[in-house]
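Its first residue numbered 1, the sequence shown is counted upward by one per residue in our numbering. Report on the following structure.
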Amino acid sequence: MKVKTLTTLLSLCLAFLLSIVHAADRRQVQEPTYPQHICTTLTPEPGNNPQRIQQAIDRCPAGQAVKLIAANGQTTFLSGPLSMRSGIWLWIDKGAVLAASANPTDYDKGHGICGTLSNQKGQCQPFIHIDNVQGGGLVGEGTIDGRGNQLMEGKTETWWQLARRAQKEGGNQNVPRLIQVDNAKNLTFYHIRLINSPNFHLVLNKVQGITVWGIVIDTPADARNTDGIDPGAATDVTIAKSVIRTGDDNIAIKAGNSGPTRLISILDNHFYIRSRHVYR
Numbered sequence: 001m002k003v004k005t006l007t008t009l010l011s012l013c014l015a016f017l018l019s020i021v022h023a024a025d026r027r028q029v030q031e032p033t034y035p036q037h038i039c040t041t042l043t044p045e046p047g048n049n050p051q052r053i054q055q056a057i058d059r060c061p062a063g064q065a066v067k068l069i070a071a072n073g074q075t076t077f078l079s080g081p082l083s084m085r086s087g088i089w090l091w092i093d094k095g096a097v098l099a100a101s102a103n104p105t106d107y108d109k110g111h112g113i114c115g116t117l118s119n120q121k122g123q124c125q126p127f128i129h130i131d132n133v134q135g136g137g138l139v140g141e142g143t144i145d146g147r148g149n150q151l152m153e154g155k156t157e158t159w160w161q162l163a164r165r166a167q168k169e170g171g172n173q174n175v176p177r178l179i180q181v182d183n184a185k186n187l188t189f190y191h192i193r194l195i196n197s198p199n200f201h202l203v204l205n206k207v208q209g210i211t212v213w214g215i216v217i218d219t220p221a222d223a224r225n226t227d228g229i230d231p232g233a234a235t236d237v238t239i240a241k242s243v244i245r246t247g248d249d250n251i252a253i254k255a256g257n258s259g260p261t262r263l264i265s266i267l268d269n270h271f272y273i274r275s276r277h278v279y280r
């Protein structure tokens, strides 16, 4: 009886270990490197820079990077929504800040609802949209600042205050996500710092082959609905050596009508909760 019990326990342990192996990213993922070729280097200019940055992305050959650098004491690129293309890298250099516009009109989908409470939801474009893209990504030791703590232009409250008011009054806060990835393959997010998103920081929807390595996501604990990384209908995703502390879930693995999420590796990260205790 003891031998049979021991054999059963060993079989269960082996099955558990095999399930862990088969649940992991199937790729042999190593630490990424920076792009070797830069098509354009941009320095900050006064005012909102969406056309300038977007034009650089649109004109950049596949396999190369648009690089944002600080210069002459100026560090911040203020921009409205941006769209990435296949094979293009956006490299935000150390000391440079890509800052999101606080004007709801910039993100509105045409119904005048972005920046308001409504019975509708999802009425704001993301700050950075990566849609139907293969290859490339976001890299660099610089910062993408969603400016959720800033007053919305023409309003008397911040994006975060709108979200908190929705919690109290009901309805949906229509605020932009920081980075939304849809129907994409083979993307890399490396060494980038994401802060102060009005909503979720990095959403991975219907994706395959995503590497998130050495990034920092840092947003106050009281900023509502500011998830760190949300993979949904995602396959072969590695999230490694990153630091995440937000006002909601650090990583939320999701599934739904779009399909299951599977083969995810989450390795050697530091997660913080509201008490700012770190979990490794």
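All C-beta atoms, glycine included, are put in the ideal place defined by N, C-alpha and C.
Query	Result
Neighbour-count burial assignment, lysine 94, 16 or more Cβ in a 10 Å radius	exposed
Option in Gly142, Lys67, Lys109 with minimal Cα separation from isoleucine 215	Gly142
Per-residue burial, threonine 235 [other beta carbons within 10 Å of its own, 16 or more giving buried]	buried
Minimum C-alpha distance to tyrosine 107 - residue among Gly148, Val175, Ile179	Val175
Same chain, Cβ closer than 7 Å to histidine 111, five either side skipped, listed in chain order	Gln123
Complete runs of the alpha helix (DSSP H) confined to the region 29-96 [at least 4 residues]	50-59
Cα-Cα separation between serine 83 and tyrosine 272, rounded to whole angstroms	30 Å
The region 51-63 in contact with the region 238-245 per 3-pair CB rule at 8 Å	no
Under 8 Å between C-beta atoms of alanine 24 and serine 265	yes
Residues that DSSP places opposite aspartate 108 in a beta bridge	Cys124
Backbone CA spacing between glycine 148 and asparagine 269 [nearest angstrom]	25 Å
Leucine 178, DSSP secondary structure in three states	coil
Entirely enclosed beta strand (DSSP E) segments - the region 189-240, minimum 3 residues	193-195, 202-213, 216-218, 229-240
Endpoints, the alpha helix (DSSP H) within which arginine 245 is located	Where arginine 245 is concerned, there is no enclosing alpha helix (DSSP H), although the beta strand (DSSP E) it sits in stretches over 243-245.
The alpha helix (DSSP H) enclosing leucine 162, as first and last residue numbers	159-169
Nearest-angstrom Cβ-Cβ length linking glycine 137 and threonine 105, presumed shorter than 8 Å	At roughly 28 Å, the Cβ-Cβ gap does not stay under 8 Å, so glycine 137 and threonine 105 are not in contact.
Which of helix, strand or coil DSSP assigns to alanine 252	coil
Paired residues, beta bridge with glutamine 173 - DSSP	Leu117
Inter-residue spacing [alpha-carbon to alpha-carbon] between threonine 76 and glycine 170	35 Å
Simplified DSSP state of alanine 23, which is helix, strand or coil	helix
7 Å CB neighbourhood of aspartate 227 in its chain, flanking five on each side removed	Phe200, His201, Thr246, Asp248, Asp249, Ala252
Buried or exposed (CB count within 10 angstroms, at least 16 for buried), leucine 68	buried
Chain-order list of residues whose beta-carbon lies under 6 Å from that of isoleucine 210 (same chain, five-residue window excluded)	Leu187, Leu204, Val237
As assigned by DSSP and simplified to three states, the class of asparagine 149	coil
Distance CB(phenylalanine 127)-CB(glycine 146) smaller than 8 Å	yes
Simplified DSSP state of aspartate 268, which is helix, strand or coil	coil
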